[in-house]
Amino acid sequence: MEKQLIKDFEKSFKNSNLDSEKINLKKEFLNKFIKEGLPGKNLENWKFSDLSKIIKTEIGDLSFYNDISSPNKIDPSIYLKGMEHNSIVFINGRVEKINLKFEEIDKVEISEDFQSDKTSLDINSLVNLNSAFAEKNFLLTVKENYSFKKPLVVYHYTNKKIKSQNLNLRLNFELEKNTSLKLIDVLDDFSEKNFINTFYSFKLNEDAILKNYKLDIKNNSNIKYSFTNFEQEKNSLSETFILSSGSDFNKNEINCNLNGNYSSAFVNGILSLNKKKHHEIRTNVNHLTESTKSYQLIKSVLENNARAVYQGKIFVSSDAQKTDGYQLSKAILLEDTTEFNAKPELEIYADDVKCSHGSASGSLNENSIFYIMSRGLNYKQAKELLINGFLLDVINKITDEDVKNLIKTMIGIKE
Amino acid sequence: MLKINNLNAKVGEKSILNDFSLDIKPGEVHAIMGPNGSGKSTLSNILSGKKGYDVSGEIKFEGIDLFSLETEERAHKGIFLAFQYPLEIPGVNTNIFLKTSLNAIRKARGENELDALEFLKLVKQKSKELKFDEEKLNRQLNVGFSGGEKKKNEILQMSILNPKLSILDETDSGLDIDALKTVAQGVNALRKKNNSFLIITHYQRLLDYIKPDHVHVLMNGKITKSGGPDLALELEKKGYEGLN
Numbered sequence: 001m002e003k004q005l006i007k008d009f010e011k012s013f014k015n016s017n018l019d020s021e022k023i024n025l026k027k028e029f030l031n032k033f034i035k036e037g038l039p040g041k042n043l044e045n046w047k048f049s050d051l052s053k054i055i056k057t058e059i060g061d062l063s064f065y066n067d068i069s070s071p072n073k074i075d076p077s078i079y080l081k082g083m084e085h086n087s088i089v090f091i092n093g094r095v096e097k098i099n100l101k102f103e104e105i106d107k108v109e110i111s112e113d114f115q116s117d118k119t120s121l122d123i124n125s126l127v128n129l130n131s132a133f134a135e136k137n138f139l140l141t142v143k144e145n146y147s148f149k150k151p152l153v154v155y156h157y158t159n160k161k162i163k164s165q166n167l168n169l170r171l172n173f174e175l176e177k178n179t180s181l182k183l184i185d186v187l188d189d190f191s192e193k194n195f196i197n198t199f200y201s202f203k204l205n206e207d208a209i210l211k212n213y214k215l216d217i218k219n220n221s222n223i224k225y226s227f228t229n230f231e232q233e234k235n236s237l238s239e240t241f242i243l244s245s246g247s248d249f250n251k252n253e254i255n256c257n258l259n260g261n262y263s264s265a266f267v268n269g270i271l272s273l274n275k276k277k278h279h280e281i282r283t284n285v286n287h288l289t290e291s292t293k294s295y296q297l298i299k300s301v302l303e304n305n306a307r308a309v310y311q312g313k314i315f316v317s318s319d320a321q322k323t324d325g326y327q328l329s330k331a332i333l334l335e336d337t338t339e340f341n342a343k344p345e346l347e348i349y350a351d352d353v354k355c356s357h358g359s360a361s362g363s364l365n366e367n368s369i370f371y372i373m374s375r376g377l378n379y380k381q382a383k384e385l386l387i388n389g390f391l392l393d394v395i396n397k398i399t400d401e402d403v404k405n406l407i408k409t410m411i412g413i414k415e
Numbered sequence: 416m417l418k419i420n421n422l423n424a425k426v427g428e429k430s431i432l433n434d435f436s437l438d439i440k441p442g443e444v445h446a447i448m449g450p451n452g453s454g455k456s457t458l459s460n461i462l463s464g465k466k467g468y469d470v471s472g473e474i475k476f477e478g479i480d481l482f483s484l485e486t487e488e489r490a491h492k493g494i495f496l497a498f499q500y501p502l503e504i505p506g507v508n509t510n511i512f513l514k515t516s517l518n519a520i521r522k523a524r525g526e527n528e529l530d531a532l533e534f535l536k537l538v539k540q541k542s543k544e545l546k547f548d549e550e551k552l553n554r555q556l557n558v559g560f561s562g563g564e565k566k567k568n569e570i571l572q573m574s575i576l577n578p579k580l581s582i583l584d585e586t587d588s589g590l591d592i593d594a595l596k597t598v599a600q601g602v603n604a605l606r607k608k609n610n611s612f613l614i615i616t617h618y619q620r621l622l623d624y625i626k627p628d629h630v631h632v633l634m635n636g637k638i639t640k641s642g643g644p645d646l647a648l649e650l651e652k653k654g655y656e657g658l659n
């Protein structure tokens with residue numbers, strides 16, 4: 001893989017207009033990645049999801065060069081219907097269109113070559129891979145006291161032109177004081193057998209509110225990893241909802257630093273998997289100062305050889321008195337062939353805190369099914385009703401009504 | 416309407432019903448009384464099609480072999496079981512559940528499904544009759560309901576579905592006297608010449624309010640004695656032990 005990496009790296013940046021300092025920095029990250037390689041189960045964080053092995057068996061040799069020289073045509077059918085929104089469209093990792101037509105032009109700023117703080121990037125080998133290869137480093141800034149009027153939808157679209165390829169995408173958001181943004185990520189894949197590595201960072205300043213909904217619905221054989229970092233200042237709020245279902249493999253990793261008093265983070269999600277799909281949500285919520293709050297609820301429904309993993313960690317530093325931290329995961333295993341792994345962790349150094357965690361998994365209650373069937377519904381309807389009821393609980397945590405309804409429609413929940 | 420001939424039921428090696436026979440005619444109310452473990456709940460489960468029992472014998476419902484029907488098909492044909500322990504179904508709205516259930520049954524019978532407005536009218540009227548707190552209809556099915564509310568909800572479902580044969584499995588247990596009267600009212604309102612009832616109970620108390628046509632004593636999986644309403648009173652005095 002090393003030779004290929006170096007070759008593809010040189011090809012990628014041969015004609016680039018990046019200055020030599022930036023190229024050198026990228027080389028540093030490349031060398032780090034070469035040294036560490038793809039993560040495997042020898043690492044604690046990856047013990048339930050051996051990515052190195054999965055890529056080897058599912059894809060084989062990866063190509064790291066992504067030709068973004070020519071534009072792709074956008075098929076208008078990809079746009080979400082029934083909801084006015086701004087959009088950024090990525091096709092095969094190339095940004096094709098940025099459309100912020102609902103917003104005031106001087107309140108939003110986009111730059112393409114944001115200089116991330118070098119030390120903050122050395123997180124793991126996949127982030128290093130991303131730092132080395134991501135062509136552009138976008139930064140979207142929401143200016144002080146501005147609230148987005150409509151949601152921003154980022155379309156991560158891929159088509160059949162790419163195969164056995166590694167894509168690296170990088171997006172940074174800064175929400176200045178007293179701002180708000182609703183961000184919806186739609187993963188829409190028509191390509192097969194690629195490894196897509198996305199890095200997100202959010203800086204939420206005082207009183208900023210960010211809602212991020214990540215939707216992986218469409219069936220595809222791609223392998224995905226996404227790392228999201230939150231830095232939250234005083235009184236800021238982040239709400240993340242992950243709907244993890246479509247890709248063959250998807251690991252969403254979230255690191256959240258609650259740096260300011262009264263900042264809060266909500267991470268909720270659904271892992272709805274069948275046909276050997278293997279998805280993971282791993283969170284790391286760090287309570288670093290007084291009076292911060294976090295809440296996590298993850299629900300999984302698994303059938304037909306699927307596997308779901310939830311590793312959730314709450315860290316409370318010695319300064320973080322009056323922390324309120326909560327996490328719960330529940331899984332329904334519909335068949336014996338499915339597997340659910342949970343690793344809840346609490347690491348607490350303060351003494352005046354409220355923290356709890358719980359995890360439960362099991363099959364559908366046959367008595368409940370009998371009860372529903374005795375009222376005239378058949379087995380399939382009874383099962384669906386129970387599963388929908390199980391999932392509704394977490395869907396109702398979504399605070400945005402439009403998105404809530406969108407997700408209900410996507411997974412076929414009627415009320 | 417319901418004809419049971421020599422029904423035997425086993426779970427594993429344990430025999431629960433032994434050559435059980437019963438004949439319920441249209442419009443009749445039968446009460447089955449029996450001590451704990453006599454097979455009362457097994458009987459109601461088998462009639463509703465619960466799996467897990469090893470059964471033999473014959474059950475005919477309006478001439479149809481009941482064993483050939485799935486649980487939901489029995490509901491479509493008009494069999495209703497009011498559960499002894501109604502289940503809590505999180506995330507499922509009570510109102511919507513009732514409507515889905517009613518329309519599934521109507522559809523199977525080739526009747527028009529009720530629209531939201533028609534259903535609302537029906538459910539409002541029935542709730543009022545049964546003094547069922549309408550606010551509860553917007554809550555998750557049985558979640559956080561008290562024991563009495565759960566039982567009333569069963570009777571509400573029964574009233575809405577209007578079954579031909581209603582089986583009440585210890586519906587009276589855990590009810591206070593006012594709730595008991597309301598439940599009895601609900602049953603009596605459904606008593607028509609074509610609707611039959613099988614009331615399973617420990618005590619004769621409920622039978623003060625719902626007058627049965629026949630009373631049977633179930634012991635060790637077999638009917639040991641049958642009679643009229645007086646048998647229930649006799650039982651209350653002498654106890655099951657004193658009958659023989």
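Keeping their order, the protein sequence lines are chains H and W. Quick note on my numbering: the first sequence kicks off at 1 and runs consecutively. Quick note on my numbering: the second sequence kicks off at 416 and runs consecutively. For each residue, glycine too, the CB sits at the ideal point set by N, CA and C.
Spatial distance of residue i from residue j (CA atoms)
{"i": "K514/W", "j": "L169/H", "result": "48 Å"}
{"i": "I68/H", "j": "F33/H", "result": "22 Å"}
{"i": "G260/H", "j": "I196/H", "result": "33 Å"}
{"i": "V507/W", "j": "L648/W", "result": "42 Å"}
{"i": "A360/H", "j": "L346/H", "result": "17 Å"}
{"i": "D530/W", "j": "I615/W", "result": "35 Å"}
{"i": "N31/H", "j": "R94/H", "result": "24 Å"}
{"i": "K397/H", "j": "I105/H", "result": "32 Å"}
{"i": "F102/H", "j": "L210/H", "result": "18 Å"}
{"i": "L389/W", "j": "L432/W", "result": "With chain W covering only 416 through 659, there is no way to say anything about residue 389/W."}
{"i": "Q232/H", "j": "L288/H", "result": "10 Å"}
{"i": "Y79/H", "j": "K566/W", "result": "49 Å"}
{"i": "D645/W", "j": "I570/W", "result": "26 Å"}
{"i": "T457/W", "j": "K640/W", "result": "19 Å"}
{"i": "R62/H", "j": "N194/H", "result": "The identity of residue 62/H in the sequence shown is Leu, whereas the question assumes Arg. Approximately 8 Å, taken between the alpha carbons."}
{"i": "F547/W", "j": "S374/H", "result": "21 Å"}
For residue i, three-class secondary structure by DSSP
{"i": "R554/W", "result": "coil"}
{"i": "Y371/H", "result": "helix"}
{"i": "M83/H", "result": "coil"}
{"i": "E339/H", "result": "strand"}
{"i": "S317/H", "result": "coil"}
{"i": "N205/H", "result": "coil"}
{"i": "F534/W", "result": "helix"}
{"i": "F456/H", "result": "The question about residue 456/H has no answer, for chain H in this structure spans 1 to 415."}
{"i": "Q232/H", "result": "strand"}
{"i": "M1/H", "result": "coil"}
Close beta carbons around residue i, own chain, < 8 Å, minus the five adjacent residues each side
{"i": "S371/W", "result": "No answer is possible for residue 371/W: the residues shown for chain W start at 416 and end at 659."}
{"i": "E423/H", "result": "Limits of chain H in this structure are 1 at one end and 415 at the other, which puts residue 423/H out of reach."}
8 Å Cβ cutoff met for residue i and residue j
{"i": "S300/H", "j": "A331/H", "result": "yes"}
{"i": "V89/H", "j": "Y157/H", "result": "yes"}
{"i": "N172/H", "j": "E206/H", "result": "no"}
{"i": "L605/W", "j": "M573/W", "result": "yes"}
{"i": "N145/H", "j": "K182/H", "result": "no"}
{"i": "D113/H", "j": "N86/H", "result": "no"}
{"i": "N304/H", "j": "T337/H", "result": "yes"}
{"i": "G420/H", "j": "L187/H", "result": "Because chain H in this structure spans residues 1 to 415, residue 420/H falls outside the shown range and cannot be described."}
{"i": "T509/W", "j": "L552/W", "result": "yes"}
{"i": "A519/W", "j": "L377/H", "result": "yes"}
{"i": "L556/W", "j": "E477/W", "result": "no"}
{"i": "F9/H", "j": "F48/H", "result": "no"}
Chain-order list of residues whose beta-carbon lies under 7 Å from that of residue i (same chain, five-residue window excluded)
{"i": "S147/H", "result": "T179 and S180"}
Cβ neighbours of residue i in the same chain (closer than 6 Å, five flanking residues each side left out)
{"i": "F266/H", "result": "E239 and Y295"}
So does the region 580-590 of chain W actually touch the region 598-612 of chain W, counting three or more Cβ pairs closer than 8 Å?
Yes, they touch.
Within 8 Å, do at least three Cβ pairs link the region 528-545 of chain W to the region 491-507 of chain W?
With the cut-off at 8 Å, the region 491-507 of chain W and the region 528-545 of chain W do not touch.
The region 626-638 of chain W contacting the region 447-460 of chain W, beta-carbon criterion three pairs below 8 Å:
The answer is yes - the region 447-460 of chain W touches the region 626-638 of chain W, with three or more Cβ pairs under 8 Å.
For the pair the region 451-468 of chain W and the region 480-491 of chain W, tell me if three or more CB-CB distances fall below 8 Å.
In short, these stretches touch, since the Cβ pair count reaches three.
Indicate whether the contact test is met: 3 or more Cβ pairs, each with one atom in the region 319-336 of chain H and one in the region 280-297 of chain H, closer than 8 Å.
Output reads yes: the region 280-297 of chain H touches the region 319-336 of chain H.
Per the contact definition of three or more C-beta pairs closer than 8 Å, is the region 238-245 of chain H in contact with the region 389-408 of chain H?
Counting Cβ pairs under 8 Å, three or more are found: they touch.
Does the region 13-23 of chain H come close enough to the region 43-55 of chain H that 3 or more CB-CB pairs lie under 8 Å?
Counting C-beta pairs closer than 8 Å gives fewer than three between the region 43-55 of chain H and the region 13-23 of chain H, which falls short of the contact rule.
For the region 467-483 of chain W against the region 420-428 of chain W, do three or more pairs of beta-carbon atoms, one drawn from each stretch, fall closer than 8 Å, so that the two count as touching?
At 8 Å Cβ cutoff, the stretches touch.
Count the C-beta pairs between the region 301-320 of chain H and the region 334-341 of chain H that are closer than 8 Å, then say yes if the count reaches three, no if not.
The region 301-320 of chain H, when compared against the region 334-341 of chain H, does touch it at the 8 Å Cβ threshold.
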